[in-house]
Amino acid sequence: MPNSTFTKILGWKRAVVDHMATAGAVLAAVLVIAPLLAIFIYLVARGAGALSWAFLTHAPKPVGEVGGGMGNAIAGSALILGISCLIGVPLGIGSGIYLAEYGRGKLAILVRFIADVLNGVPSIVMGMAVYALVVLQQKHFSALAGGFALGIMMIPTVTRATEEMLLMVPRSIREAALGLGVAEWRTVLSVTLRTALPGVITGIMLAFARVAGETAPLLFTAFGNQFWNWNLNQPTAALPLQIYTYAISPYDEWHQQAWAGALVLIVTIVGTVAVVRLVTNRGVMKGTS
Amino acid sequence: MGMSISVRTLNAWFGRTQALYDISMEIPANHVTAIIGPSGCGKSTFVRCLNRMHETIPAAGVEGSVTIGTLDIYHNGTSPVEVRRRVGMVFQKPNPFPAMSIYDNVAAGLKLNGHYSRRELDEVVEHALQMAALWDEVKDQLKKQSGASLSGGQQQRLCIARALAVQPEVLLMDEPASALDPISTAKIEELIFQLKTQYTIVIVTHNMQQAARVADSTGFFLLGKLIEYDATEKIFTTPVDKRTEDYVTGRFG
C-alpha cells in the first residue's frame, strides 16, 4: 500500500466523525421521545389510581357522591370523532385528489391557500364559527355540531397529505394504467390513490390524533353532558371537555378523575393509530418498499 | 390477430417545440417494426402518438391521422381509453403497480375496466404470464408477492404480460430492454419473436443489433423526421440515405 499512513490517519478521523454523527442522531431521537414518555409516565402516576372498570363504563355521579366515571364521555368522543371522520376524510381526500391530479389553474391556488389558512385558524374560532352556523340555527348544542367543527379541522391536514402523497407516485405508474386503457378516474382511485394509501392514512391519523384532543371547538358545539346520550342532536359529552370541567373543579376526587381521563384519552389515541396501522399494513404485499 | 397501422402526415408538439414532422408510415400487421435513431429524435414521441399517450402530457399537441385496422384513432368520436385498450404499451423502465400482487398486476387491465369472473381472470392471468414466459417463475407466489418484488427482467416480462392480458391488437414497446441485463434482454427478444404471430409490434430501440435481430422492418428517425423506412436488412446493409448509413455504421449518434 503506497499511502498507508495517509489512509490510517484518514480512517481514524473518519471513525471519529462517524461516531459523532451517529451519537448526534441517537441523541436527537431520544430528545424527541423523552417528552412523550415523560407525559405518559406522569399521567400514569397521577391518573392510574382513579382508573377502574367503573370509570370506563359509568357516567359521572353528582358532586358529593363517591364513584362515577367517564364512560359517557368516552362514548361521546367516539361518536363525535366518528362524525368528524365522515366529514373530514372524504372531503380531505377529494380535495387532495383535485389538487394533485387536476389542480393547475387559479382555483387550485385558491384551494391550497384556503387549506393552509384553515390549518392556521385557532380551534376556538372554529368552535365559534360552527356555533354561529349550526348551533344557532338548530337552537341546541349537539354531537353533530361538535363533529362538524372537528371534521372541518381535519380537512386541511388530510388534503395536503393526500396531495403530497399522490404527487410522490411516479408518473410511470399512472402511465402504466392509462396505457392499459383504464379510464382516468379509475386510474386515480384504483392505482394512484392505492399506491399512495399508506401515506394518506398517516395524514388521516395525524389529523385524527390532533382533533381527538381538542377541547375549544367542542365548548360551544357538543357542549358536554353529565349523562349518557346517543342522540346525535343532543348535547354530548366528550373526553377533553370532561377533563377540562373536572380539572378546573375544586374537588380532589374530580382532579384525580381528570388525570385518569387524560390517560385514557392518550392511550385511546395511540391505540387507534396503532390498530389502523396494523390493519392497513396487513394489506401491503411482500416486497413493496 | 394483429392489425396494420397507417400513419399519415403526423406532427407532434411539446408546447411550442415541434417534436415530429410529417411522419407517414405504413406498418403491416403481424410484423415487428423497429424505430431507431439518436436520443431526442422523436422515437418515443412517435410510438406514444400511436396509442394517444402523448396527449396525457400537459401542453402536448398532435396533428395528422393514425389508422389502426379500420379505427381512425384521432377521429373526434374515438375515445383515447378505447384506443389504449386495443394498443398495448410496454415502457422503458419496468413499471409494475407496487401496491398490487403479481396476479393483480396482470389482471389490472381487466379488473379496472369492469366485471370479469374469478375463473375468467385466473385463465387470462395464467395465459398472459405463460405468453410472457414468466409463469413458471412466479406461479407459486402469484397473490402473495408484490409485482415490485421481482427482478428487473421479471418485472419487464410482468409488464408485458399485463399488456397482453387485455388482448390488444398492437403492442408498442418503448426501449423495453434498455434497463435490463443481456440475459433478460435475450428473453425479451425471444418473446417478441413469438408474439409477432399474434400481434403487430412496434419497438423503439437504441440498440441497433437488437433492431437487426428482431425487426422485419426498420424506420430511422432523425430530429423529428422519418429519414428512411424499409426492410431491416436493407436499412442495415444498403441504406439509401447518407444519414442512415452514417448512423447504422456508427459514424454519429
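Chains as they are written, first to last, in our numbering: chain H, 795 to 1083; chain R, 693 to 945. Note that beta-carbon positions come from the ideal geometry of N, C-alpha and C, so glycine has one too.
Open item on the list: Would you say R:T748 lies against chain H (beta-carbon separation less than 7 Å)?
Closed with: For the purposes of this step, residue 748 of chain R is identified with residue 56 of the second sequence, where counting begins at 1. So yes, R:T748 belongs to the interface.
Open item on the list: For a minimum of 4 consecutive residues, which ranges assigned as the alpha helix (DSSP H) are wholly contained in the region 911-939 of chain R?
Closed with: 924-929
Open item on the list: Would H:S889 and H:A1032 be called neighbours here (beta carbons separated by less than 7 Å)?
Closed with: Taking the first sequence and counting its residues from 1, the one referred to as residue 889 of chain H is at position 95. Taking the first sequence and counting its residues from 1, the one referred to as residue 1032 of chain H is at position 238. Their beta carbons are not under 7 Å apart, which means H:S889 does not touch H:A1032 by this criterion.
- [ ] Could you check the C-alpha separation between H:S1083 and R:L842 for me, to the nearest Å?
- [x] Here residue 1083 of chain H corresponds to residue number 289 of the first sequence, with the count starting at 1. Here residue 842 of chain R corresponds to residue number 150 of the second sequence, with the count starting at 1. Confidence at H:S1083 is low in this model, with a pLDDT of 43, below 50, so the placement of that residue should be treated as unreliable; the coordinate-derived value is given next. If you take the alpha carbons of H:S1083 and R:L842, they lie about 12 Å apart.
Task: 7 Å Cβ cutoff, H:T851 in contact with chain R - done: Within the first sequence, residue 851 of chain H is the residue found at index 57, counting from 1. No, its Cβ sits nowhere closer than 7 Å to a Cβ of chain R.
Open item on the list: Considering Cα atoms alone, identify which of R:L872, R:M900 and R:E861 is closest to R:R849.
Closed with: Within the second sequence, residue 849 of chain R is the residue found at index 157, counting from 1. Among R:L872, R:M900 and R:E861, the Cα nearest to that of R:R849 is on R:L872.
Task: Listed by chain order, chain R residues near H:I891 by CB distance under 7 Å - done: For the purposes of this step, residue 891 of chain H is identified with residue 97 of the first sequence, where counting begins at 1. The contacting residues do not exist; H:I891 stays about 16 Å from chain R at best.
TODO: Return helix, strand or coil for R:N787, following the three-state DSSP convention.
DONE: As a first step, residue 787 of chain R is located in the second sequence; it is residue number 95 there, counting from the start. R:N787 falls in the coil class under three-state DSSP.
Open item on the list: Spatial neighbours of R:V906 within its chain, please: C-beta separation below 6 Å, excluding the five flanking residues on both sides.
Closed with: Taking the first residue of the second sequence as position 1, residue 906 of chain R is located at position 214. Result list for R:V906: V724, E881 and I884, in chain order.
TODO: Enumerate, from N- to C-terminal direction, the unbroken alpha helix (DSSP H) stretches of 4 or more residues contained entirely within the region 905-983 of chain H.
DONE: 917-924, 937-962, 965-973 and 978-981
Open item on the list: Would you say H:G1007 lies against chain R (beta-carbon separation less than 7 Å)?
Closed with: What you label residue 1007 of chain H is simply residue 213 of the first sequence in a count that begins at 1. With 7 Å as the cut-off, H:G1007 does not count as an interface residue toward chain R.
TODO: Could you name the residues of the region 778-800 of chain R whose beta carbon sits closer than 8 Å to any beta carbon of chain H, in the order they occur along the chain?
DONE: R778, G780, M781, F783, K785, N787, P788, F789, P790, A791, M792, S793 and A800
Open item on the list: Within a Cβ cutoff of 6 Å, which residues of the same chain sit near R:K917, ignoring the five residues on either side of it in sequence?
Closed with: In the second sequence, the residue the question calls residue 917 of chain R occupies position 225. Excluding residues within five positions, the ones whose Cβ falls inside 6 Å are Y713.
Task: Residues bridged to R:M717 (per DSSP) - done: Mapped onto the second sequence, residue 717 of chain R falls at position 25. Paired residue(s): R:V699.
Open item on the list: Using DSSP's beta-bridge definition, name the partner residues of R:E755.
Closed with: The residue labelled residue 755 of chain R in the question sits at position 63 within the second sequence. Answer is R:N703, bridged to R:E755.
Open item on the list: For the alpha helix (DSSP H) containing R:G845, name the first residue and the last one.
Closed with: Your numbering for residue 845 of chain R matches position 153 in the second sequence. Unbroken alpha helix (DSSP H) run through R:G845: G844 to A857.
- [ ] Check the Cβ-Cβ distances between H:G975 and every residue of chain R, and say whether any is below 7 Å.
- [x] Indexing the first sequence from 1 puts residue 975 of chain H at position 181. H:G975 counts as touching chain R.
TODO: Compare the C-beta of H:T986 against all C-beta atoms of chain R and say whether one is closer than 7 Å.
DONE: As a first step, residue 986 of chain H must be located in the first sequence, where it is residue number 192. It does not: the Cβ of H:T986 has no partner Cβ on chain R nearer than 7 Å.
- [ ] Measure the alpha-carbon distance for R:I715 versus R:G734 and round it to whole angstroms.
- [x] Working through the second sequence from its first residue, we reach residue 715 of chain R at position 23. Working through the second sequence from its first residue, we reach residue 734 of chain R at position 42. Approximately 11 Å, taken between the alpha carbons.
Task: R:H746, buried or exposed, once every other Cβ within 10 Å from all chains shown has been counted against 16 - done: In the second sequence, the residue the question calls residue 746 of chain R occupies position 54. Buried: at least 16 other Cβ atoms inside 10 Å.
Open item on the list: Less than 7 Å between the C-beta atoms of R:K835 and R:Y808, yes or no?
Closed with: Residue numbering aside, residue 835 of chain R sits at position 143 when the second sequence is read from its first letter. Residue numbering aside, residue 808 of chain R sits at position 116 when the second sequence is read from its first letter. No; because the gap between Cβ atoms is not below 7 Å, this pair is not in contact.
TODO: Could you have a look at R:G870 and say whether DSSP puts it in helix, strand or coil?
DONE: Translated into the one-based positions of the second sequence, residue 870 of chain R becomes position 178. As written in the sequence, residue 870 of chain R is Ser, which differs from the Gly given in the question. Coil, per DSSP.
- [ ] Would you identify the three-state DSSP class for H:M814, choosing helix, strand or coil?
- [x] As a position in the first sequence, residue 814 of chain H is number 20, starting the count at 1. In this structure, H:M814 counts as helix in the three-state DSSP scheme.
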